[in-house]
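Okay, structure coming up:
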């Protein structure tokens, strides 16, 4: 398959579920007409190319299975990376699925309109993804034993990455100058809403989620092996050395940049223009915001960050680089299952 293939040819990829059932997922070409449409749902805007009122309602009323794994991120925080990690890990280091099925099929976004078409309700150990804030999924997750992995990233790096993503993603509005985009980002008026509300919503309510793991992009970048071991333990998916080594290799940025099933090079230029900015622009580099922010912008950001995060007990690794992650685990006597909770400091 080449980059010149039509969008329907690209997305009409057969996927295997449970190794017995084959399902075909087809994006409607009519959605090309929604590239400039914005959907507003509960006060948050979403790109209409991928979201409808029905799809957003579907997500908020989703029926989670106890064997589901839900990857939660604010955009540009390590979503694709964690999708790849969980995919390969769940296959015990076997990379066939990661190399033959696009990540949007094997770990679909709950809120995107095609999700019901690719999910098999009878399948166990489904991998799901969302950018939705906690308040929109709280009811759906209530009482569920689904495992939730929240990935956070330095918001300055998020802002820069999101800005350049707007340059190449035709389904996102014009970003304007970086100064203009940064103002919108800090105000929470960009698509998917406020970074501050998103990270606080999920981490402040972690105790309400039966199984919750918090990971940072920075942690994965600095010590990927240790991060994989944490995820493996959380998912109760032990890996032998050979399986861990294979997972490490497949989930390195050098490998992911070459994998068309994860680097979005399959998506037509009319939707994602890689000539303007590569999807994996900085390949896992952390702290690159210093090459875009002015000193004044950084100071303004810091002041707003301090104010907006005052009601959070989290100490992030980008605020204290020397601090190691801390995550407590305990067994819930009612469920006899590891219940991961946030303590005062997470990294």
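In the UniProt record's numbering, the protein residues as written are 1 to 347. Using N, Cα and C, we set each Cβ at its ideal position, and we do this for glycine too. Remember, it's a predicted structure, so these values are computed and weren't measured experimentally.
Under DSSP, residue 211 shares a beta bridge with 147. Taking one beta carbon from each stretch, the region 64-84 and the region 144-154 have 3 or more pairs nearer than 8 Å; the two touch. One Cα belongs to residue 39, the other to residue 80, and the distance between them is close to 23 Å. The Cβ atoms of residue 84 and residue 312 do not sit closer than 8 Å to each other.
Shortest Cα-Cα distance from residue 55 to any of 114, 71 and 78 involves 114. Rounded to the nearest whole angstrom, the CA to CA distance from residue 198 to residue 233 is 25 Å.
Ranked by Cα distance from residue 247, the options 96, 71 and 47 are led by 96.
In this structure residue 101 is buried. Its beta-carbon is surrounded by 16 or more other beta-carbon atoms within 10 angstroms. In the DSSP assignment, residue 79 falls outside any beta strand (DSSP E) and within the unbroken alpha helix (DSSP H) covering 79-90. According to the DSSP assignment, residue 72 belongs to the beta strand (DSSP E) that extends over 69-73. Put simply, the backbone Cα of residue 155 is about 18 Å away from that of residue 82. Setting aside the 5 residues that flank it on each side, residue 237 is surrounded in the same chain by 89 and 90, each with a C-beta closer than 7 Å to its C-beta; the list follows chain order. In the structure shown, residue 314 falls within a coil segment according to DSSP collapsed to helix, strand and coil. For residue 41, the three-state secondary structure derived from DSSP is strand. Annotation for residue 304: the continuous alpha helix (DSSP H) segment containing it runs 295-308. Taking each of 272, 57, 285 and 305 in turn and checking the Cα distance to residue 170, the smallest one comes out for 272. With fewer than 16 other Cβ atoms from the protein chains shown falling within 10 Å of its own Cβ, residue 290 counts as exposed.
Note that the C-beta distance between residue 151 and residue 217 is below 8 Å. The count of Cβ pairs closer than 8 Å, one atom from the region 123-134 and one from the region 201-221, reaches three, so the stretches are in contact.
When the alpha-carbon of residue 219 is set against those of 52, 262 and 316, the nearest one is in 316.
Taking C-beta atoms under 8 Å as the contact rule, residue 172 and residue 112 fail to qualify, at a distance of about 14 Å.
In the DSSP annotation of this structure, the continuous segment of the alpha helix (DSSP H) that includes residue 248 starts and ends at 241-250. The criterion of a C-beta distance shorter than 8 Å is satisfied by residue 71 and residue 107.
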